[in-house]
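Residue numbers (my numbering): 57 to 700. Beta carbons are placed, not taken as given, at the ideal position from N, Cα and C, and that holds for glycine. A short worksheet on the structure shown next.
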C-alpha cells in the first residue's frame, strides 16, 4: 500500500511536468523557429527478487529540444525576414552591462533595422556576419567619394563574385543632358561636338560600360603557361571533355635559337586558335609562351594539360588585367588637296556602311588667317614654302586667291571633320599642316570600318592607316570603358562616380567559424559612406545583403550561420536564443549545410493537434495516478481501522 501511494505520487510529479512541457509547446505554436520540447520518462528501481519484483514509479528522464526538426518555410512580405532551410543557426551578439560581448545563436530570422542602422533581432541583438568595405572609388572629382544628390543619373549596377568575394560596382553621373553644351566654333576641325552629339556619345558609352561589366561578370578565365615547351614536344589538353593536341615537331630541320623560337611561337598561336574554336571563347597571348582562355561558359572544365605526359599547371584566375585600346585611323589627304578647289568638288568617306560627304566650301580668308598662314610658311625651308605673300602689304588678285583657296580648303576639311566628329561615339580632327584627318572611336575595343575615301573621283583608300582596337581582359577592360565614359562626361561638363564594394569570403574557405571575423552589419548607406541618403531598402539573396538606392544595389554584408557537433547540447536561453555549452562541441561554418531563404520565416515545430492529444493523455494519466494515491490512502485507512 505504501508502494502504491509512492508510485502514484511519482506519477503525479512526472505528469505534472509533462503537462507543463506540452502546454509550453502549445503556447509557442506561432513562435518563429521554435523547436518542440520533448519529454522522456524513465521507470524507477525494482526489488532484487526477479520473480516478484515491481517498479517504484516513474520519473522525468530528460526534457530535450528537438533541435533536429526542420520547421516549415512560410513566405512573408518583409525583406528583413530570412529562414534557414537545413542545419545551422544565425549568430547574434549582445553587449552586457560590463561592456563584454555575449554571443548567442538563433533560428529566428525575423530581423529588423535598428535606429543606429544595424541589422538586429526582435530582441535588439546585433546580427553578425561578414561586412563589406569600399574597395575603390573612381570619379572625375577626386574630392568626392560618395553619391550626393547631384548624382541623379543612373549609369550601372553590377554584381560580381566568385568563391573569394562578392562585389558590386555602382556608377552614377550628374545630369549630363542639362549640362551639355555646343562647343565653340573655334573648335571646328578639332573634335568639335554639338550638345546633342555629346549626349549621344555618353548614352553609347554607358551602354558599352554596362556591356563590359556584364562581360567581366560572366566570363571564366584560364591561364596556360607553356614556357617549358621545346622542339619535338607533344602537348595535350582536355577542354569540355574533348582532347585537343598540338605537335611542336618541325617537318624540316631548324637551326638557331631565333628560328626555333619563331617556330614554337607559331605553333602556340595555332594551339590558341584550336582552343578558341573548341571552347567558343576568346583566347589571347599575353606573352610568347602564355595563352589565356576567357569564356562565358562558366561550367567549362579545362583539365589534364600535359607536355610529353608531364602535367602543366592551369590557373583558374581572375587576375588577368589587360586594358582595352581604341581604334585610331589616319587618312592622308596632303597629296590630293589640290583637287579640292572649286564648287562641285567634294570629299567623302564610308564609316560602318554610312557615307559622309562634304562639298567644297568657298570662303574668303580673314586677316588673322592670312597672317597665320604667312607666319607658318616663313618658318619652313625655302624649298618647302607655299609662297604666300606678306598680307600686310597690298595683295595681287592671284595672291589673294591663294589665301582664299587655303581658307576654303580649311573650311571644307573642318566641316568634313565636324560631320564625322558628330557621329555617335566618334571624334575627328584635321591637321592642316600635315593634311591628315584623324578619326578615333570613343569606345574601347570596338572596331570601326572606314573605307571608300574619295576626293572627287580620286580614291584615297591606300592612304588609310589604322591602329586596331583590342577588347582587353578583366577589370582593366572595365576601367578602360569607364575612363572613356568619364572623358565624355567631362566634355559635357558633367561628373562621374563609380563605387566598388567588396565582401571577402576568404574566412569561409576552411569551414571554421571564427567569431573574430564577424561584425555587426550596417545597413544605412549614409553611415557606410556610400551615399548622402540614409537608405535601408534591403534585399537578401542567398544570405548576401544588398541595400538598394533607386536602380543601384550595394552589397553590405553576408549572413553567417553556425553548426555544432552536437546541437542538442546548446543551452536554451529563451527569446528564441541558445548559448554555447561544452556539450555542443566545436562551432563550424554551416553555410554549406543550409539554404537561406529570403522573405521567409521558419515556422514553429509545435503542432497544436499533437499537443492537444498529448495534453489529454497526460491529463488522464495524472487522474489515474491521483486515483492510485486516493485508493492507497483508503486501503491504509481500512488497515488502520482493522488494527484498532
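Tell me whether the beta-carbon of residue 600 lies closer than 8 Å to the beta-carbon of residue 594.
Position 544 of the chain shown, counting from 1, holds the residue named residue 600. Position 538 of the chain shown, counting from 1, holds the residue named residue 594. The answer is no: Cβ separation not under 8 Å.
When you compare the CB positions of residue 561 and residue 222, do they come within less than 8 Å of one another, or not?
What you label residue 561 is simply residue 505 of the chain shown in a count that begins at 1. What you label residue 222 is simply residue 166 of the chain shown in a count that begins at 1. Cβ atoms of residue 561 and residue 222: closer than 8 Å.
With a threshold of 8 Å, are at least 3 pairs of Cβ atoms found where one atom belongs to the segment 385 to 393 and the other to the segment 481 to 496?
yes
So who's on the other strand from residue 184, going by DSSP bridges?
As a working mapping, residue 184 is identified with position 128 in the chain shown. Under DSSP, the beta-bridge partners assigned to residue 184 are 576.
For residue 297, count neighbouring C-beta atoms within 10 Å of its own C-beta (all shown protein chains included) and say buried if the count is 16 or more, exposed if not.
Counting from 1 along the chain shown, the entry for residue 297 is found at position 241. Counting Cβ neighbours within 10 Å, residue 297 comes out exposed, since fewer than 16 surround it.
Contact between the segment 645 to 652 and the segment 133 to 143 is defined here as three or more beta-carbon pairs at a separation below 8 Å; is this criterion met?
yes
For residue 329, does the three-state DSSP call read helix, strand or coil?
Within the chain shown, residue 329 is the residue found at index 273, counting from 1. DSSP places residue 329 in helix when its eight states are reduced to three.
Excluding five sequence neighbours on each side, which residues of the same chain lie with their C-beta closer than 6 Å to the C-beta of residue 533?
Residue 533 sits at position 477 when you count from the first residue of the chain shown. If we look at residue 533 and ignore the five residues flanking it on each side, its Cβ neighbours are 268 and 380.
Got a sec, what are the start and stop residues for the alpha helix (DSSP H) residue 147 sits in?
Working through the chain shown from its first residue, we reach residue 147 at position 91. Taken as a continuous stretch (DSSP letters only), residue 147 belongs to no alpha helix (DSSP H), being part of the beta strand (DSSP E) at 145 to 151.
Rounded to the nearest angstrom, what separates residue 208 and residue 171 at their Cα positions?
Walking along the chain shown from the start, residue 208 turns up at place 152. Walking along the chain shown from the start, residue 171 turns up at place 115. Rounded to whole angstroms, residue 208 to residue 171 spans 27 Å at the Cα level.
Report yes if the CB atom of residue 250 is closer than 8 Å to the CB atom of residue 470, and no otherwise.
Along the chain shown, one-based indexing puts residue 250 at 194. Along the chain shown, one-based indexing puts residue 470 at 414. Not a contact, by the Cβ cut-off of 8 Å.
Beta carbon of residue 287, beta carbon of residue 261: below 8 Å?
In the chain shown, counting from the first residue as 1, residue 287 sits at position 231. In the chain shown, counting from the first residue as 1, residue 261 sits at position 205. The answer is no: Cβ separation not under 8 Å.
I'd like to confirm the pairing. Which residues does DSSP put opposite residue 526 in its beta bridges?
One-based indexing of the chain shown puts residue 526 at position 470. In DSSP, residue 526 forms a bridge with 381.
What three-state label does DSSP hand residue 126 in the structure shown?
Indexing the chain shown from 1 puts residue 126 at position 70. Residue 126: coil per DSSP, three-state reduction.
With a cut-off of 8 Å, do at least 3 Cβ pairs link the segment 494 to 514 to the segment 439 to 459?
no
So residue 395 packs on residue 519, CB below 8 Å; how close in whole Å?
The count along the chain shown starts at 1 and reaches residue 395 at position 339. The count along the chain shown starts at 1 and reaches residue 519 at position 463. Not quite, the Cβ-Cβ distance comes to about 13 Å (not below 8 Å), so this is no contact.
If you draw a straight line from the alpha carbon of residue 90 to that of residue 575, how long is it in whole angstroms?
Sequence index remark: in the chain shown, residue 90 carries index 34 (1-based). Sequence index remark: in the chain shown, residue 575 carries index 519 (1-based). Going from the Cα of residue 90 to the Cα of residue 575 covers about 26 Å.
Classify residue 237: buried if its beta carbon has 16 or more other beta carbons within 10 angstroms, exposed otherwise.
If you number the chain shown from 1, residue 237 lands on position 181. Classification for residue 237: exposed.
Return the CA-CA distance between residue 215 and residue 266, expressed in angstroms with no decimal places.
In the chain shown, counting from the first residue as 1, residue 215 sits at position 159. In the chain shown, counting from the first residue as 1, residue 266 sits at position 210. C-alpha separation (whole angstroms): 12 Å.
How would you call residue 499, buried or exposed, if buried means at least 16 neighbouring beta carbons within 10 angstroms?
Within the chain shown, numbered from 1, the residue matching residue 499 stands at position 443. Buried, because 16 or more other Cβ atoms sit within 10 Å of the Cβ of residue 499.
Nearest-angstrom Cα distance between residue 184 and residue 162?
For this step, residue 184 is matched to residue 128 along the chain shown. For this step, residue 162 is matched to residue 106 along the chain shown. If I take the Cα positions, the gap works out to 11 Å.
Are residue 588 and residue 203 touching if we call contact CB-CB under 8 Å?
For this step, residue 588 is matched to residue 532 along the chain shown. For this step, residue 203 is matched to residue 147 along the chain shown. Cβ atoms of residue 588 and residue 203: closer than 8 Å.
Who are the Cβ neighbours of residue 256 in its own chain at under 6 Å, not counting the five residues just before and after it?
On the chain shown, residue 256 is found 200 positions in, with the first residue counted as 1. Cβ within range, chain order: 480.
Are the CB atoms of residue 548 and residue 254 nearer to each other than 8 Å?
Taking the first residue of the chain shown as position 1, residue 548 is located at position 492. Taking the first residue of the chain shown as position 1, residue 254 is located at position 198. Cβ atoms of residue 548 and residue 254: closer than 8 Å.
Hey, residue 617 and residue 145 are a contact pair by Cβ (cut 8 Å); roughly how many whole angstroms apart?
Residue mapping note: residue 617 aligns to position 561 of the chain shown, counting from 1. Residue mapping note: residue 145 aligns to position 89 of the chain shown, counting from 1. Indeed, because the Cβ distance is near 6 Å, the residues count as touching under 8 Å.
Determine the closest residue to residue 450 out of 666, 426, 259 and 318, with distance taken between C-alpha atoms.
Walking along the chain shown from the start, residue 450 turns up at place 394. Cα-wise, what sits closest to residue 450 is 426.
For residue 468, which beta-bridge partners are listed by DSSP?
As a working note, residue 468 is residue 412 in the chain shown. DSSP, once it has assigned bridges, lists no residue as partnering residue 468.
Where does residue 654 fall in DSSP's three states?
To locate residue 654, count along the chain shown from 1; it is residue 598. It is a strand residue.
State the CB to CB distance for the pair residue 211 and residue 227, rounded to an integer number of angstroms; the pair is presumed to be in contact (CB under 8 Å).
Here residue 211 is taken as the residue at index 155 of the chain shown, counted from 1. Here residue 227 is taken as the residue at index 171 of the chain shown, counted from 1. Confirmed, about 4 Å.
Under 7 Å Cβ to Cβ from residue 651, same chain only, skipping five residues before and after it: list those, please.
Taking the chain shown and counting its residues from 1, one reaches residue 651 at position 595. So the list reads 141 and 142, once near-sequence residues are dropped.
Let me make sure I understand the geometry here. Which of 95, 165 and 219 has the alpha-carbon closest to that of residue 558?
Residue mapping note: residue 558 aligns to position 502 of the chain shown, counting from 1. With distances taken between Cα atoms, residue 558 lies closest to 219.
Would you call the segment 409 to 419 and the segment 521 to 530 touching, i.e. three or more CB-CB distances under 8 Å?
no
Around the Cβ of residue 276, are there at least 16 other Cβ atoms within 10 angstroms (buried) or fewer (exposed)?
Translated into the one-based positions of the chain shown, residue 276 becomes position 220. Buried.
To the nearest angstrom, how far is it from the Cα of residue 167 to the Cα of residue 274?
Stepping through the chain shown from its first residue, residue 167 is reached at position 111. Stepping through the chain shown from its first residue, residue 274 is reached at position 218. Residue 167 and residue 274: Cα-Cα distance of roughly 33 Å.
Taking residue 447 as the reference, which of 437, 463, 435 and 428 has the closest Cα?
Sequence index remark: in the chain shown, residue 447 carries index 391 (1-based). Closest option to residue 447, Cα to Cα, is 428.
Between residue 159 and residue 660, is the Cβ-Cβ spacing less than 8 Å?
On the chain shown, residue 159 is found 103 positions in, with the first residue counted as 1. On the chain shown, residue 660 is found 604 positions in, with the first residue counted as 1. For residue 159 and residue 660, no; Cβs fall outside 8 Å.
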